[in-house]
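Number of protein chains: 2
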Amino acid sequence: MSGAPVDFYFEFSSPYGYIATQLADEFEKKIGRPLTWRPFLLGPIFKMTGGAPLTAIPMKGEYSKRDFVRSARWHKVPFRMPDTFPINSVAACRAFYWLNDRDPQKAKGLAKTLYTAFFAENRDIGSPAIVVDVARSLGVDGDAISAALDDPALKERTKKEVDAAISRGIFGSPFFVIDGEPFWGVDRMPMAEEWVRTGGW
Amino acid sequence: MSGAPVDFYFEFSSPYGYIATQLADEFEKKIGRPLTWRPFLLGPIFKMTGGAPLTAIPMKGEYSKRDFVRSARWHKVPFRMPDTFPINSVAACRAFYWLNDRDPQKAKGLAKTLYTAFFAENRDIGSPAIVVDVARSLGVDGDAISAALDDPALKERTKKEVDAAISRGIFGSPFFVIDGEPFWGVDRMPMAEEWVRTGGW
Numbered sequence: 238m239s240g241a242p243v244d245f246y247f248e249f250s251s252p253y254g255y256i257a258t259q260l261a262d263e264f265e266k267k268i269g270r271p272l273t274w275r276p277f278l279l280g281p282i283f284k285m286t287g288g289a290p291l292t293a294i295p296m297k298g299e300y301s302k303r304d305f306v307r308s309a310r311w312h313k314v315p316f317r318m319p320d321t322f323p324i325n326s327v328a329a330c331r332a333f334y335w336l337n338d339r340d341p342q343k344a345k346g347l348a349k350t351l352y353t354a355f356f357a358e359n360r361d362i363g364s365p366a367i368v369v370d371v372a373r374s375l376g377v378d379g380d381a382i383s384a385a386l387d388d389p390a391l392k393e394r395t396k397k398e399v400d401a402a403i404s405r406g407i408f409g410s411p412f413f414v415i416d417g418e419p420f421w422g423v424d425r426m427p428m429a430e431e432w433v434r435t436g437g438w
Numbered sequence: 238m239s240g241a242p243v244d245f246y247f248e249f250s251s252p253y254g255y256i257a258t259q260l261a262d263e264f265e266k267k268i269g270r271p272l273t274w275r276p277f278l279l280g281p282i283f284k285m286t287g288g289a290p291l292t293a294i295p296m297k298g299e300y301s302k303r304d305f306v307r308s309a310r311w312h313k314v315p316f317r318m319p320d321t322f323p324i325n326s327v328a329a330c331r332a333f334y335w336l337n338d339r340d341p342q343k344a345k346g347l348a349k350t351l352y353t354a355f356f357a358e359n360r361d362i363g364s365p366a367i368v369v370d371v372a373r374s375l376g377v378d379g380d381a382i383s384a385a386l387d388d389p390a391l392k393e394r395t396k397k398e399v400d401a402a403i404s405r406g407i408f409g410s411p412f413f414v415i416d417g418e419p420f421w422g423v424d425r426m427p428m429a430e431e432w433v434r435t436g437g438w
């Protein structure tokens, strides 16, 4: 894979972010550029943009729930609407960065497995105990990650990532930045592919 | 063209609505179903959903302006950001329905030409005088349409359409409803095509 890395932002509570992680390996091949996975938190951004979780918005909420299911099927990704939604994904986000600093490849695996636990198996990954449990199932040291989740250093590490995302103008999930060009949404992935293929327009 | 008509909603101040009208004839052929054009007004809906014109939303605003241009080029539709944006599109909407009740085919032509005037030629179609002028350029009786724009009956006719759109859960532009299935956005048009082709999933 040649070419500068592409930043790939997603929020663990986002169904479209989930779909994007399931398509990410194929997308990487299509664009011939490595993706840098960067989970972040939409909560602080909604405060700035006046945004809200899709399902909480009048009219848009009902549509979105339908579109989550439809989009997942269209992309052949297993999906069921979790009973608890949305969630506070800060523990999932922190666990990702803790593992990412040790083993980036394994961190990607953790992100995918956390998402699947939430959106296919209806497990509430808003709970730190479940995040640790999922990590443990991948052979990660559960006690170490559990202790890390309460470590101010990891909290600060994660906050820095979220602040950096905000500074870059990231306001939705999934979000890709390719050579400075921003693409928001699973539905912009085909356009991003064409952008890379043609050098932009 | 066989099969039940597909409702096609759009707001004259919406760049993505504009792009959709430019793609509509081809889309009609692809899905093999006639489109019923239904302009509506997003203003009253934003009041219900807490929405706002995209360009007025922090972070999303800058992104959107970029995406309008990029999406228009991707679909080979001429576009420049109008100097006055957004606009109150009520005169354009009323003019459409007035003409639609007399000559639906010509009303489609008026919609396309109004949109092109706004998004390609930078003419402020928020102004009733410009709406009348555009209609006149298509051979429509300018004095009749000008008088109609102030007619309470046309105001009521238009309000009914907007209220009906709201009742159906239409909250964005463009918006298609195919056999009860809602599709929001230019980016959902390929999914809608597949939906019709396969009978849904």
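Here the protein sequences line up with chains A and B, keeping their order. If you're matching positions, the first sequence starts at 238 in this note's numbering and goes up one per residue. If you're matching positions, the second sequence starts at 238 in this note's numbering and goes up one per residue. Backbone N, C-alpha and C define an ideal beta-carbon position, used for all residues, glycine too.
CB contact below 7 angstroms: residue i versus chain B
i: P295(A); result: yes
i: P419(A); result: yes
i: M318(A); result: no
i: D424(A); result: yes
i: Y253(A); result: no
i: T292(A); result: no
i: F408(A); result: yes
i: R275(A); result: no
i: Y300(A); result: yes
i: R394(A); result: no
Counted within 10 angstroms of its Cβ, other Cβ atoms place residue i as buried (16 or more) or exposed
i: K313(B); result: exposed
i: E398(B); result: buried
i: M285(A); result: exposed
i: D304(B); result: buried
i: L391(A); result: buried
i: G409(B); result: buried
i: Q441(B); result: As shown, chain B starts at 238 and ends at 438. That puts residue 441(B) outside it, with no answer to give.
i: S251(A); result: buried
i: R270(A); result: buried
Whether residue i touches residue j by CB criterion (7 angstroms)
i: F356(A); j: F245(A); result: no
i: L351(B); j: A329(B); result: yes
i: P281(A); j: P323(A); result: no
i: E248(A); j: G240(A); result: no
i: W268(B); j: E430(B); result: In the sequence as displayed, the identity of residue 268(B) is Ile instead of Trp. The answer is yes: Cβ separation under 7 angstroms.
i: P419(A); j: N359(A); result: no
i: V439(A); j: A354(A); result: Summary: the structure shown does not reach residue 439(A), with chain A confined to residues 238 through 438, and so no result is reported for it.
i: R310(B); j: W311(A); result: no
i: M426(B); j: F264(B); result: yes
i: I403(A); j: V243(A); result: no
i: D400(A); j: D424(B); result: no
Below-7 angstroms beta-carbon distance, residue i vs any chain A residue
i: P389(B); result: no
i: P411(B); result: no
i: P323(B); result: no
i: M428(B); result: yes
i: G436(B); result: no
i: R405(B); result: no
i: T286(B); result: yes
i: W335(B); result: no
i: R270(B); result: no
i: R331(B); result: no
i: R310(B); result: yes
Rounded distance between the beta-carbons of residue j and residue i, thought under 8 angstroms
i: L278(B); j: S326(B); result: 7 angstroms
i: R394(A); j: Y300(A); result: With a Cβ gap of about 37 angstroms, R394(A) and Y300(A) do not count as contacting.
i: G363(B); j: T321(B); result: 7 angstroms
i: A332(A); j: I367(A); result: So it is not a contact: roughly 10 angstroms between Cβ atoms.
i: K345(A); j: W421(A); result: No, K345(A) and W421(A) are not in contact; Cβ-Cβ is about 21 angstroms, not under 8 angstroms.
i: G298(A); j: I294(B); result: About 18 angstroms separates the two Cβ atoms, so there is no contact after all.
i: G406(B); j: M296(A); result: 5 angstroms
i: F348(A); j: P276(A); result: Here residue 348(A) is Ala; the residue named in the question, Phe, does not match the sequence. Confirmed, about 7 angstroms.
i: L386(B); j: P365(B); result: 5 angstroms
Item to check | Positions along the stretch 351-379 of chain A whose CB lies within less than 8 angstroms of some CB in chain B | outcome: Shown here is that no member of the stretch 351-379 of chain A has a Cβ falling below 8 angstroms from a Cβ of chain B.
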